[in-house]
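Residue numbers (the numbering used here), protein chains in the order written: chain B, 259 to 696; chain G, 405 to 556; chain E, 98 to 824. C-beta: ideal position from N, C-alpha, C; glycine also.
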Amino acid sequence: MGLKTMLLAGADEHDLTRLAEYQAIGGYKQAPKALAMSSDDLIAELQQANLRGRGGAGFPLGRKASLVDRKSPKPKYLVVNADESEPGAFKDREVMARVPHRLLEGCLIAAHAIESKDVFIYIRGEYLTEYEILQAAVDEARGAGLFGDVNVTVYRGAGAYICGEETALLDSLEGRRGQPRPRPPFPPVQGLYMAPTEINNVCTIATLPAILELGAAGFDQIGTPSSPGTVLFSISGNVEKPGNYELELGTSMRELIYTHAGGIAGGHQLKAVIPGGSSVPALTARQIDVPLDYDSLGAIGTFFGAASLIVVDERCCMVQLALRSTKFYMHESCGKCTPCREGTRWLVQILEKIERGDGEAADLDLLRKVCDRIEGKSLCALGDFAVWPVQSYFDKWHDEWVAHVEQGGCPFGGESSLEGIFAPSDQHTHSPVAEVPA
Amino acid sequence: MIPELRALGERYPDSRTAVLPALRLVQEQNGGWLTTESFEQVGEALGLTPAYCQAVASFYDMFHLAPVGRHSVEVCTNLSCALVGAQQVVDAFESELGVAPGETTEDGEITLRTVECLGGCGYATVVAVDHRYHQHVKPDDVPEIVKELRGA
Amino acid sequence: MSQPELVTVTIDGREVQVPKGLGLVEVALQAGIEIPVFCYEPRLGPPVGACRMCLVELEGVPKLQAGCTLTAADGMKVRTAQTSAKAAEGQDATLEFILVNHPLDCPVCDKGGECPLQDLTFRWGPGNTRMEFPKRTLEKPIPVSPAIALDRERCILCYRCTRFSESVAEDNQLVTQNRGASSVIATFDDRPYRAPFSGNVIELCPVGALTSTQYRFEARPWEIQNVPTVCGLCPVGCNVAATTREGKVKRMLSRNHPEVDEGWLCDKGRFAFTHLYAGDRLIEPLRRRQRSGLEEISWEDALDEAERLLRESGGRIVTALSGSETVEQAYALGRLLRGGLGAHTAVMPEETSQALDAFRLPLSAIREAELVVVLGDEPVAERAPVVELWLKAARRAGAEVHYAGDAHESCRRLAGSDDELGGRLRESERAILIWSGEDGAGGGHVAALARELGFDGKPGSGAFHLPRTANGRGVADAWACSDDGESEAPEQIGLLIVSGDEAAADPNVRVLAERAERVLVTSMFQSLAAGWADLVLPGTSYLERDGTTVNLEGRLQRQRRAVMAPVPDVVAWIAKLAERFGVELSPHVSVVFDEIGAKCFGGITFADVHERAELPPRAEKVSDTSKVSDTVASGSGLRLVAYRPLFSGAAVERTPELQFQKPEAEVQISPEDAKARGVRNGATVTVSSNGTSVELRARIARDLGAGVVRIPRDHAGDLHATVEVSA
């Protein structure tokens with residue numbers, strides 16, 4: 259357990275954005291190996307490797323590939339989800355910026371598995387520099403004839419968190435408002451342009467060359483039995499050395515925070531860790547002796563998610579944290595389904611009242627109930643993402659919430675690390691709609 | 405403009421897919437925002453109604469439906485940046501530029517915005533200046549950033 | 098057709114056998130259980146699962162599921178709010194969230210009393226609110242168009258209206274703007290929603306967000322009556338309900354006939370009823386006086402005057418019919434004039450034929466087709482609007498829809514043995530021909546083509562002809578069966594009888610009037626009758642009379658009197674006149690119909706014409722002399738199609754809310770022809786033919802083939818059939 263490079267192997271020593279250097283360390287040797295296999299054999303190999311999706315849900319890639327309707331007369335599509343927008347996550351960005359060819363080689367392998375000739379990489383619009391690097395890599399590799407008859411298209415998003423949800427991503431890629439679709443039908447049967455489609459996260463796809471190199475059996479030796487491999491963890495917030503760290507799955511959270519990320523910054527105390535990006539339930543300082551893998555985090559009531567840890571020290575007011583988080587999800591709610599659209603806005607109103615010091619005991623009760631009424635009711639998981647953190651801050655730091663009500667204001671007295679934080683939702687209008695005063 | 409936009413449409417299996425790239429191109433050539441005519445242009449080129457194009461544009465944060473400054477300064481204020489002082493960075497830009505978030509300087513040069521997570525959480529505070537990331541930005545760095553921008 | 102596989106679904110403990118894949122909402126209905134919905138509406142395409150009203154518990158799945166997106170699978174076990182506390186809690190939550198920002202201004206809302214949001218809240222919702230913050234307040238009402246008002250505060254964002262615009266009408270004009278809680282329904286730049294089917298969004302709206310400007314604050318649901326009838330404004334004959342209050346029509350609603358209209362109406366059918374209350378509506382009969390124009394006279398005097406005109410004409414009578422009369426009106430006129438006066442000469446508005454009865458299909462069959470060919474360049478939506486929606490549905494269902502161009506020429510081409518498309522029409526089991534042009538011999542040409550292509554004996558293949566008039570076929574048949582006599586057309590017209598507004602507006606009828614010694618006009622409007630009539634008898638609208646009509650499928654449908662006309666019933670006064678000429682004629686429509694039914698509708702009675710009328714079976718044998726057209730277009734240059742727009746005519750002229758829908762003064766030209774002439778989209782061009790020309794704005798129409806231009810008739814001036822366009 260501990261540090262191990264696989265995704266980023268060679269990136270410290272070489273400029274792997276350059277094709278020649280990537281090839282010099284053995285790059286683009288695995289794709290031909292995959293292409294020499296039948297798609298059935300390749301899928302079997304990938305299933306055996308048990309690579310779990312790095313995007314959030316942890317669904318095994320091999321199994322996903324096996325669900326793609328390869329017999330369909332329609333074209334098959336491979337879509338890479340590079341819409342990394344989960345607050346706390348910045349690992350896909352580093353992979354694209356530093357090892358773009360490893361991602362592209364992974365694309366060739368995954369595309370062959372599902373018999374696809376068309377690959378789309380949907381990169382969030384804000385990642386301009388990374389887009390340029392990736393596009394240059396595509397051009398260089400295509401120019402070198404490495405793609406064969408596979409088309410790789412890099413497509414830029416335009417600013418919408420929800421497009422990280424796979425069906426919303428497909429709608430966006432089709433030139434629509436990026437809103438989630440009901441499932442079924444699932445993308446492997448009816449995805450992009452109503453054709454069979456596999457969608458995977460950047461880190462998932464970029465791991466494929468390593469699997470081909472090591473073989474499924476070799477890959478399985480790394481990490482834990484149920485979560486093999488390495489993961490690039492993003493860690494941010496109140497730590498000394500925030501950044502991305504590639505670790506074997508199963509490394510302890512304490513090791514990541516205190517050994518690799520240098521512990522809590524400025525001699526402060528650890529208060530909370532949001533382990534999978536801002537959408538998952540938070541852990542207290544007493545819960546960090548946990549292996550970082552899908553099942554261990556699930557066992558203590560949270561999620562592996564996007565492998566992105568946000569570390570919070572004692573100076574942060576949890577009501578403010580909840581309010582800032584909820585404002586984000588309100589801002590990013592696509593508006594399609596009722597509970598998420600209406601519920602997140604209502605939550606913000608209640609949270610503002612509590613933080614302002616106008617809340618009563620009944621408001622705390624209402625807040626929790628509104629969370630429960632959103633949870634599990636929305637069309638996609640965004641509704642859950644909005645309430646899971648709030649529920650956990652509320653339940654685990656309950657005294658702080660009660661203090662807001664009893665003291666008639668924030669117990670941090672203006673000294674919280676989030677004091678006065680401004681959310682774009684306060685100023686955001688896409689197109690002006692006349693609001694009249696109530 | 406129309407032939408360029410049509411050409412975008414031909415790059416994808418379905419020309420509708422070109423809506424986002426087409427809107428982005430038109431926006432870039434129109435001083436950073438989209439007008440009634442922009443939607444009519446994109447619609448005509450791609451065989452869509454202007455209403456459809458406007459509906460799509462209004463969904464995404466990076467399309468602007470009102471005038472903006474020549475340059476943009478976007479400060480991330482999501483959790484990771486906020487935990488290490490993004491608000492002080494916003495304050496510094498406010499006083500340096502004399503405008504509040506969402507506003508444009510009087511000379512029409514710079515629009516200040518706060519934005520949601522830019523994916524630079526480990527390098528907080530992240531500020532995107534004309535879509536290029538400045539990382540580890542502290543309030544003290546702000547005057548230099550503004551000076552560079554004004555000189556650009 | 099093979100039987101669909103049956104599966105067993107258990108819902109709230111009740112087992113039902115249903116076809117595999119059936120939507121759960123329908124499955125529940127079969128079990129006698131209602132799953133409440135807002136956004137679910139199968140006519141709008143696949144379910145979207147947006148409103149979350151239909152949450153149910155599905156065995157084996159931890160999270161509540163949207164019932165509307167589930168389909169029947171064998172062994173599926175579902176519990177709805179009736180037996181699942183979790184589902185009930187989910188629905189209660191959905192309603193609470195929906196109502197958080199809903200203004201609850203039901204007392205002043207037009208929808209109040211017939212509002213699904215009220216009904217579902219009453220049955221499934223919370224009894225109180227925990228929302229204590231100021232609700233969202235937005236500018237309202239927003240005029241989506243002169244006919245439609247939008248209240249964004251009431252909107253619950255179910256997206257029915259925008260889905261209609263995108264997936265049914267395919268006009269993509271009503272859209273959602275912004276994101277999340279800021280989402281609003283809007284048009285481009287707040288411009289009017291200008292499209293032929295816009296009004297359907299009012300009926301689709303499950304709350305009071307989209308309302309009719311005509312109906313705003315006009316009635317409460319407990320004060321109204323909805324009278325089931327059939328629209329009389331075009332040959333489709335959409336099934337409608339006329340909402341009336343205190344003897345006045347207040348609005349029109351669809352009355353979903355799944356084979357005819359699927360519950361959609363065009364805006365003319367929906368909004369043009371206000372012509373009943375036009376300022377120039379005729380109430381009293383008018384008689385010409387020497388030099389001083391028309392004077393009002395009593396109905397007694399008018400009938401005396403009519404009798405005098407009829408007697409003085411000595412049988413030298415010509416009758417011009419509109420094609421909008423009911424079967425009974427046309428028959429009554431025939432009994433009076435043919436039976437009583439031996440005046441057999443009539444001018445019909447258009448040719449009709451029975452030839453198509455052998456290829457008869459319901460309009461809904463268009464959607465089931467795999468290959469559809471439209472012959473003719475008249476826009477289908479302008480001639481028979483709802484047919485256009487069936488064509489769009491066919492295309493969405495995967496059918497190939499071809500626009501073959503000039504009807505006569507393409508008819509001959511397709512009949513030829515070496516035509517590729519013709520060959521595929523021959524091979525197909527589900528092919529449909531639609532004639533959308535003038536001079537189609539009442540369907541005779543397209544019927545001959547269908548025969549030529551071997552459509553006999555193929556129950557999925559058929560043909561339609563889009564006539565110009567609402568009931569031309571019914572009128573012609575009724576006139577024909579009203580008497581057996583025959584006579585030569587009079588050389589000198591003693592009396593021209595003009596029946597109805599369309600005939601009164603027809604330039605050809607005006608020409609006849611110049612040759613007539615006397616003219617008797619029945620019309621609803623003063624301006625159509627003044628200046629040329631010797632006697633004017635006020636007419637009635639399709640909403641004011643009982644009777645039957647025959648639509649373009651050949652379906653006999655019942656029109657009901659929604660409101661009393663301000664003038665005597667046409668059949669009743671004809672019966673009075675008939676009596677004076679010794680003709681026995683009942684003033685009662687039901688008796689009149691039974692007489693016609695016996696003679697020309699196979700013996701059916703008035704009571705047999707149901708509210709959702711059935712289509713008669715295909716005729717086995719029709720006496721058919723029709724042949725594929727031999728009309729050849731003449732001249733060089735561009736062929737002009739001067740079409741009659743949907744938004745034109747006497748009723749539209751008298752509907753303020755439809756004025757914005759009237760077509761622009763523009764000429765539609767194909768991209769090829771435009772390019773060859775250097776014509777740019779939106780530029781002013783000159784359209785000319787032998788000695789006459791008009792200036793119009795050019796619109797490049799991608800659906801138009803080369804060699805043709807289209808101009809709305811009112812803007813075509815005196816242009817000939819062949820024109821040239823210059824930039």
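Listed by chain order, chain D residues near residue i by CB distance under 7 Å
{"i": "residue 332(B)", "result": "The chain inventory of the structure shown lacks chain D, comprising the protein chains B, G and E."}
C-alpha distance - residue i paired with residue j, whole-angstrom precision
{"i": "residue 826(E)", "j": "residue 163(E)", "result": "With chain E covering 98 to 824 only, the question about residue 826(E) has no answer from this structure."}
{"i": "residue 533(B)", "j": "residue 436(B)", "result": "27 Å"}
{"i": "residue 101(E)", "j": "residue 490(E)", "result": "23 Å"}
{"i": "residue 472(G)", "j": "residue 516(E)", "result": "59 Å"}
{"i": "residue 480(E)", "j": "residue 780(E)", "result": "27 Å"}
{"i": "residue 563(E)", "j": "residue 696(E)", "result": "26 Å"}
{"i": "residue 639(B)", "j": "residue 381(B)", "result": "21 Å"}
{"i": "residue 293(B)", "j": "residue 367(B)", "result": "7 Å"}
{"i": "residue 262(B)", "j": "residue 351(B)", "result": "19 Å"}
{"i": "residue 98(E)", "j": "residue 119(E)", "result": "Low local confidence applies: a pLDDT of 48 at residue 98(E) is under 50, so the model's placement there is unreliable, and no value is given."}
{"i": "residue 393(B)", "j": "residue 359(E)", "result": "50 Å"}
7 Å Cβ shell around residue i - same chain, five flanking residues per side excluded
{"i": "residue 680(E)", "result": "432, 433, 436, 437"}
{"i": "residue 378(E)", "result": "621, 622"}
{"i": "residue 618(B)", "result": "663"}
{"i": "residue 313(E)", "result": "207, 246"}
{"i": "residue 683(B)", "result": "585, 588, 589"}
{"i": "residue 790(E)", "result": "783, 784"}
{"i": "residue 268(B)", "result": "274, 283"}
Distance cut-off 7 Å: residue i Cβ against heavy atoms of the ligand ATP
{"i": "residue 568(E)", "result": "Summarising the ligand content, the structure contains no ligands, and the ligand ATP is consequently not present."}
Cβ-based neighbour list, residue i, same chain, cut-off 8 Å, excluding 5 preceding and 5 following
{"i": "residue 291(B)", "result": "470"}
{"i": "residue 612(B)", "result": "577, 621, 622, 625, 659, 662, 663"}
Integer Cβ distance of residue i from residue j, believed to fall under 8 Å
{"i": "residue 431(B)", "j": "residue 348(B)", "result": "At roughly 22 Å, the Cβ-Cβ gap does not stay under 8 Å, so residue 431(B) and residue 348(B) are not in contact."}
{"i": "residue 489(B)", "j": "residue 353(B)", "result": "Actually they are not in contact, since the Cβ atoms of residue 489(B) and residue 353(B) sit about 11 Å apart, beyond 8 Å."}
{"i": "residue 854(E)", "j": "residue 760(E)", "result": "In the structure displayed, chain E extends from 98 to 824; residue 854(E) sits before or after that span and is not available."}
{"i": "residue 583(B)", "j": "residue 648(B)", "result": "7 Å"}
{"i": "residue 460(E)", "j": "residue 357(E)", "result": "6 Å"}
Cutoff 6 Å; reference residue i; Cβ partners in own chain excluding five residues on either side
{"i": "residue 599(E)", "result": "419, 421"}
{"i": "residue 411(B)", "result": "378"}
Review point. Of all the residues that make up the stretch 462-489 of chain G, which are near chain E by a beta-carbon distance shorter than 7 Å?
Key: Near chain E, meaning a CB-to-CB distance below 7 Å, the residues of the stretch 462-489 of chain G are 462, 463.
Check your understanding: What residues in the stretch 234-267 of chain E have a beta carbon less than 7 Å from any beta carbon of chain B?
Key -> Cβ contacts with chain B: 234, 235, 236, 254.
Exercise for review: With 9 Å as the limit, tell me which residues of the stretch 295-314 of chain E have their beta carbon closer than that to any beta carbon of chain G; keep them in chain order.
Suggested key: Listed by position along the chain: nothing, the set is empty.
**Study point:** Three-pair Cβ contact test at 8 Å for the stretch 472-481 of chain B versus the stretch 340-349 of chain B
**Key:** With a cut-off of 8 Å, the stretch 340-349 of chain B and the stretch 472-481 of chain B do not count as touching, because too few Cβ pairs lie within range.
Practice item. Closer than 7 Å, Cβ to Cβ, to anything on chain G: give me those residues from the stretch 626-655 of chain E, in chain order. Key: Taking 7 Å as the Cβ-Cβ cut-off against chain G, none of the residues of the stretch 626-655 of chain E qualify.
Review point. Can we say the stretch 464-472 of chain B touches the stretch 447-462 of chain G, given the rule of at least three CB pairs closer than 8 Å?
Key: By the C-beta criterion, the stretch 464-472 of chain B is judged not to be in contact with the stretch 447-462 of chain G, since fewer than 3 inter-stretch pairs fall below 8 Å.
Review point. What residues from the stretch 269-297 of chain E come within 7 Å of chain G, judged by C-beta to C-beta, listed N to C?
Key: Cβ contacts with chain G come from 269, 270, 272, 273, 274, 275, 276, 284, 285, 286.
Review point. Do the stretch 636-648 of chain E and the stretch 563-576 of chain E make contact, defined as three or more Cβ pairs closer than 8 Å?
Key: They touch, by the three-pair rule.
Practice item. Give, in chain order, every residue of the stretch 515-545 of chain G whose Cβ lies closer than 8 Å to some Cβ of chain B. Key: Listed by position, the residues of the stretch 515-545 of chain G near chain B (Cβ gap below 8 Å) are 517, 518, 519, 520, 521, 522, 523, 524, 525, 526, 527, 528, 532, 535, 536, 537.
Check your understanding: Within the chosen definition, does the stretch 315-322 of chain B reach the stretch 506-517 of chain B through at least 3 CB pairs nearer than 8 Å?
Key -> Put simply, the stretch 315-322 of chain B does not touch the stretch 506-517 of chain B. Fewer than three CB pairs are less than 8 Å apart.
Check your understanding: Taking one C-beta from the stretch 692-706 of chain E and one from the stretch 660-670 of chain E each time, how about it: are there three or more such pairs within less than 8 Å?
Key -> These segments do not touch.
Exercise for review: Could you say if the stretch 309-328 of chain E and the stretch 338-350 of chain E meet the contact criterion of at least three C-beta pairs nearer than 8 Å?
Suggested key: Inter-segment contact for the stretch 309-328 of chain E and the stretch 338-350 of chain E is present: three or more beta-carbon pairs are separated by less than 8 Å.
Point to revise | Given 8 Å, three or more beta-carbon pairs between the stretch 711-718 of chain E and the stretch 587-604 of chain E | key: No, the stretch 711-718 of chain E does not touch the stretch 587-604 of chain E.
Check your understanding: Which residues, taken in chain order from the stretch 366-393 of chain B, show a beta carbon closer than 8 Å to some beta carbon of chain G?
Key -> Within the stretch 366-393 of chain B, the residues whose Cβ lies closer than 8 Å to some Cβ of chain G are 376, 382, 383, 384, 385, 386, 387, listed in chain order.
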